[in-house]
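In what follows, a structure is listed as structure tokens, so that the remarks can point back to it.
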Amino acid sequence: QKEVEQDPGPLSVPEGAIVSLNCTYSNSAFQYFMWYRQYSRKGPELLMYTYSSGNKEDGRFTAQVDKSSKYISLFIRDSQPSDSATYLCAMSAGGTSYGKLTFGQGTILTVHP
Amino acid sequence: DGGITQSPKYLFRKEGQNVTLSCEQNLNHDAMYWYRQDPGQGLRLIYYSQIVNDFQKGDIAEGYSVSREKKESFPLTVTSAQKNPTAFYLCASSIKRNTEAFFGQGTRLTVV
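Chains A and B, in that order, give the protein sequences. Per the working numbering: the first sequence = residues 136 to 248. Per the working numbering: the second sequence = residues 4 to 115.
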């Protein structure tokens, strides 16, 4: 079993829809949780960064972390065609492991007009 | 502009040849990383370095080598011992004591 599981999709939604992306994990040492967006043939770009449990909102994006359930989510409101990309969850135990990220497989999202 | 520069963007090599991928950063980050991305498998850590002249193996280090002679540079050599080298290689860096990693634009290596 992988440390981080992410439904690879693909996920196809109409413009304006609310998108929910999810990851589960097994390592209880993970404390830092990130979501990256990756366009085709590009490097991942950091979207959201959360420490421990709770919610974080940034514009149309909301990240949620539930450490008790080992479950994280990314919500995208009013989705746009420009949101079409692969979304990767990543997490780290922090401390001396700073920057060492364990990634999910990525979810391919397509938002059609 | 600060950032991470990987070169070249595309690289073709014949089987059995070693090849070196370049990664340079001007963010003054202490730590640098190499990840490999294959379709449907997310990113996997090859090597990382938290300080100059020191580096550690990641999850899939076999067939790869690195050096960290300067803070700004962390080149990756894909050796002939790597059984399946064709992949998308990503370099990243992070500030010490901060877990967010920032990525370069990647090098797509094709071995024929």
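No residue lacks a Cβ here, since even glycine has one placed at the ideal position from N, Cα and C. On a predicted model such as this, the values are computed, not experimentally measured, just so you know.
Taking residue i as the reference, which of the options has the closest Cα?
i      : options                           : result
S163/A : H247/A, A228/A and D218/A         : A228/A
V200/A : I211/A, L209/A, C158/A and S188/A : S188/A
P78/B  : F15/B, K17/B and G109/B           : G109/B
F165/A : I207/A, P248/A and Q215/A         : I207/A
L46/B  : I63/B, Q28/B, V55/B and C26/B     : I63/B
T197/A : L146/A, M169/A and E150/A         : M169/A
S70/B  : T8/B, F105/B and W37/B            : W37/B
N56/B  : K73/B, E65/B, I49/B and Q40/B     : K73/B
If we cut at 9 Å on Cβ distances, does residue i have a partner in chain B?
i      : result
R172/A : no
R176/A : yes
V139/A : yes
F238/A : yes
Y222/A : no
G229/A : yes
Label residue i either buried or exposed according to how many other C-beta atoms from any shown protein chain fall within 10 Å of its C-beta, with 16 as the threshold for buried.
i      : result
D213/A : exposed
H247/A : exposed
V154/A : buried
What number of angstroms, rounded off, separates the C-alpha of residue i from the C-alpha of residue j?
i      : j      : result
P42/B  : P143/A : 11 Å
Y67/B  : Q85/B  : 7 Å
T113/B : G6/B   : 25 Å
Y174/A : S83/B  : 30 Å
V81/B  : V22/B  : 5 Å
A34/B  : Y51/B  : 7 Å
E138/A : Y167/A : 14 Å
G151/A : S96/B  : 34 Å
E27/B  : Q53/B  : 15 Å
Q240/A : N87/B  : 19 Å
Against chain A, does residue i count as a neighbour if the rule is that its beta carbon must be under 9 Å from one of theirs?
i     : result
L30/B : no
A90/B : no
L46/B : yes
Q20/B : no
Tell me whether residue i counts as near the ligand NAD, meaning its Cβ is closer than 8 Å to at least one heavy atom of that ligand.
i     : result
Q40/B : Ligands in the displayed structure: none, and consequently the ligand NAD is not present.
Item to check | Complete beta strand (DSSP E) runs within the segment 206–233 of chain A (minimum length 3 residues, chain order) | outcome: 206–211 and 220–227
Next on the checklist: Going residue by residue through the segment 153–212 of chain A, where are the continuous beta strand (DSSP E) segments of at least 3 residues, counting only ones entirely within it?
Outcome noted: 154–160, 167–173, 180–186, 189–193, 196–201 and 206–211
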